[in-house]
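Peer 1:
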């Protein structure tokens, strides 16, 4: 610090000269401290941060895609593997019931055919407790499979009673602002019930609930009330998800671009609520898990809405495959300008992508919602990393944790879905309920009604005999696909039996296709998870800590625990303070300010830091 601070230039030529100069002013005019050459971050740091901002989408999408495909694999488990396990456990239970019943019948006949004198003689000695029945061969895993299947079956039977059309029109009749409020309330309730339902289902399927008592008998009271509690939760959560699908469908089918308004209002609120906050690594991991589940649920809901829109606009029907396509009307061909000027009856969201004219009723809302969701995720995570000085390589660690969960718990326990907080059972019930509705709409509108006798021409009557066979085959397919009603079994005709056989064959083919897809997807994910887990273990071996410390002015002397005790033999207090300081530094380095919390122990609905995402 100089004794006198120089005066600034007071003449106009000197001030203009200093403004136009490309060098720093002389110390005679401005005093600059030597210690602070540049008070802010250097351009090198800012350039690296900008590169990290641009590299983030690739790193983030790896985690999101793996997590989404893992969610798809866990969701397909409910439709492919769970039915086989349910039938296996049911077969064991029925076999045990049959063997017990046969044993009771044999004992009863043996008692009735026993000689009377012998029975009187042994009456005094036979008043003992009968022998215990052999326990069933059901393990806790078999009981869990039975309870899984019963939860889905009973929940779907209850959900079928809800009138989807009334739900749709009750939501559609609300004002636009109420539509946004309803969607946000349903989204919050979905997260709350996901956190609660995860604990309920884990308690129901745990060994403590399903294992036998010490005397060999099965527990009854606790599994029953836990099953009833899980059933109530599953029905309520599936109903909330169904309302969410209906609300999103109302926004998609709106004529006032309500879909874009709903997306903008929700997603920009999400950006505002996340980017301007302090984030720990545990919070960032929970946020990534929440984004994985949110993207998968959007995929599922938009697929349901797309299938419904296909059926409603007549994009797929059996009559379109068998009947010839009608040509343009003479009026339309004579005056094409009038045909193009006719206003469209489709909602506004269907025509946002005019180049995709054939598939816009399905792809336009799908691409808009998913595209905006991906863009919001990129911006959100990019600004979080920028403001919290986090490198995109952290998402590689997140991917390692998810891959380790998938690989280490394969074929045993779906630990990955527990960490992500995916509500598998409510989503399975949602798809079954919505799928039955879409299939009913397809069966009602996807088949052309047979032409009336009054509208037939003479030339068609001539060829009527040759068309009887095709009409019979078409009728069989109509019945097999659900377009007809089934009478009593003993009153079935040959066509009814053929239709039932066709329905069974088609259902079996659809199941085999889903099973093959699930197995291939599981093999691919397991192979990828193994490679990531192997690389994770190799990096751990390379960075193995020997718990030795380098001390000295230049840090070149390695001191292990024995040498340290020898050095501090006459200074026990100094050794204690040194160990306490190293312990605090180690905990702070591992993250958590004394908690020592690692990502392997972080779940989505765990209060790891200041907030749950």
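In our numbering, the protein residues as written are 24 to 636. Every residue gets a Cβ at the ideal spot worked out from N, C-alpha and C, and that includes glycine. Just so it is clear, the structure is predicted and the values come from calculations on it, not from any experiment.
Could you tell me if residue 265 is buried or exposed, where buried requires 16 or more neighbouring beta carbons within 10 angstroms of its beta carbon?
Peer 2: Here residue 265 is taken as the residue at index 242 of the chain shown, counted from 1. With 16 or more other Cβ atoms within 10 Å, it is buried.
Peer 1: Under the criterion of a Cβ to heavy atom distance below 7 Å, does residue 175 qualify as lining the ligand NAP?
Peer 2: The model on display carries no ligand, and the ligand NAP is accordingly not part of it.
Peer 1: Using beta-carbon positions only, say whether residue 267 and residue 186 come within less than 8 Å of one another.
Peer 2: As a first step, residue 267 is located in the chain shown; it is residue number 244 there, counting from the start. As a first step, residue 186 is located in the chain shown; it is residue number 163 there, counting from the start. No, they are not a contact pair.
Peer 1: Under the three-state reduction of DSSP, which class applies to residue 189: helix, strand or coil?
Peer 2: Sequence index remark: in the chain shown, residue 189 carries index 166 (1-based). DSSP places residue 189 in helix when its eight states are reduced to three.
Peer 1: Would you call the region 417 to 432 and the region 97 to 104 touching, i.e. three or more CB-CB distances under 8 Å?
Peer 2: no
Peer 1: Let's test the definition: count the other Cβ atoms within 10 Å of the Cβ of residue 150 and tell me whether it reaches 16, buried, or not, exposed.
Peer 2: Here residue 150 refers to the residue found at position 127 when the chain shown is read from its first residue. With a pLDDT of only 48 at residue 150, under the threshold of 50, the placement of this residue in the model should not be trusted; the figure read from the coordinates follows. Its Cβ having fewer than 16 others within 10 Å, residue 150 is exposed.
Peer 1: Would you call the region 168 to 181 and the region 444 to 453 touching, i.e. three or more CB-CB distances under 8 Å?
Peer 2: yes
Peer 1: Tell me whether the beta-carbon of residue 401 lies closer than 8 Å to the beta-carbon of residue 83.
Peer 2: Within the chain shown, the letter at position 378 stands for residue 401. Within the chain shown, the letter at position 60 stands for residue 83. Cβ atoms of residue 401 and residue 83: closer than 8 Å.
Peer 1: Within 10 angstroms of its Cβ, does residue 168 collect 16 or more other Cβ (buried), or is it exposed?
Peer 2: Numbered from 1 along the chain shown, position 145 holds the residue referred to as residue 168. Buried, by the Cβ-count rule.
Peer 1: Does residue 135 pass the burial test, meaning 16 or more other C-beta atoms within 10 Å, or should it be called exposed?
Peer 2: Residue numbering aside, residue 135 sits at position 112 when the chain shown is read from its first letter. Exposed.
Peer 1: Go through the region 209 to 268 residue by residue and report every complete run of the alpha helix (DSSP H) that reaches 4 residues or more, in order.
Peer 2: 230 to 233
Peer 1: Rank 208, 407 and 287 by C-alpha distance to the C-alpha of residue 300 and give the top, closest one.
Peer 2: Numbered from 1 along the chain shown, position 277 holds the residue referred to as residue 300. When only C-alpha atoms are compared, the closest one is 407.
Peer 1: Please report the straight-line C-alpha distance between residue 446 and residue 259, rounded to a whole angstrom.
Peer 2: The residue you call residue 446 lines up with position 423 of the chain shown. The residue you call residue 259 lines up with position 236 of the chain shown. The straight-line gap from Cα to Cα measures roughly 12 Å.
Peer 1: Exposed or buried, which one is residue 316 when buried takes at least 16 other CB atoms within 10 Å?
Peer 2: By one-based count along the chain shown, residue 316 stands at place 293. Classification for residue 316: buried.
Peer 1: Whole angstroms is fine: what's the gap from residue 563's alpha carbon to residue 557's?
Peer 2: Locating residue 563 in the chain shown gives position 540, counting from the first residue. Locating residue 557 in the chain shown gives position 534, counting from the first residue. Distance between the alpha carbons of residue 563 and residue 557: 10 Å.
Peer 1: Where does residue 460 sit, in a helix, a strand or coil, going by DSSP?
Peer 2: Taking the chain shown and counting its residues from 1, the one referred to as residue 460 is at position 437. If DSSP states are grouped into helix, strand and coil, residue 460 belongs with the helices.
Peer 1: Should residue 110 be labelled buried (16 or more other beta-carbon atoms within 10 Å of its own) or exposed?
Peer 2: Along the chain shown, read from residue 1 onward, the residue named residue 110 stands at position 87. Exposed, by the Cβ-count rule.
Peer 1: Could you tell me the alpha carbon to alpha carbon distance between residue 302 and residue 293, rounded to whole angstroms?
Peer 2: For the purposes of this step, residue 302 is identified with residue 279 of the chain shown, where counting begins at 1. For the purposes of this step, residue 293 is identified with residue 270 of the chain shown, where counting begins at 1. For residue 302 and residue 293, the distance between alpha carbons rounds to 15 Å.
Peer 1: Go ahead and pull the three-state DSSP assignment for residue 9.
Peer 2: Outside the displayed range of the chain (24 to 636) lies residue 9, so it cannot be described from this structure.
Peer 1: Where does residue 436 fall in DSSP's three states?
Peer 2: Reading the chain shown from its first residue, position 413 is the one you call residue 436. Looking at residue 436 - three-state DSSP - the assignment turns out to be coil, as it is neither helix nor strand.
Peer 1: Looking only at its chain, what residues have a beta carbon closer than 7 Å to the beta carbon of residue 548, apart from the 5 residues adjacent to it on each side?
Peer 2: Locating residue 548 in the chain shown gives position 525, counting from the first residue. Excluding positions up to five away in sequence, the list reads 92, 93, 96 and 429.
Peer 1: For the alpha helix (DSSP H) that contains residue 28, what are its first and last residues?
Peer 2: Taking the chain shown and counting its residues from 1, the one referred to as residue 28 is at position 5. Run containing residue 28: none; DSSP gives neither H nor E here.
Peer 1: Rank 335, 435 and 283 by C-alpha distance to the C-alpha of residue 105 and give the top, closest one.
Peer 2: Within the chain shown, residue 105 is the residue found at index 82, counting from 1. If we check each option's Cα against that of residue 105, 435 comes out closest.
Peer 1: With respect to the alpha helix (DSSP H) encompassing residue 163, which residues constitute its N-terminal and C-terminal limits?
Peer 2: As a position in the chain shown, residue 163 is number 140, starting the count at 1. Its alpha helix (DSSP H) spans residues 163 to 182.
Peer 1: Give the straight-line distance between the Cα atoms of residue 415 and residue 75, rounded to the nearest whole angstrom.
Peer 2: Along the chain shown, read from residue 1 onward, the residue named residue 415 stands at position 392. Along the chain shown, read from residue 1 onward, the residue named residue 75 stands at position 52. C-alpha separation (whole angstroms): 6 Å.
Peer 1: Three-state secondary structure (DSSP) at residue 276?
Peer 2: Mapped onto the chain shown, residue 276 falls at position 253. Note: residue 276 maps to coil in three-state DSSP.
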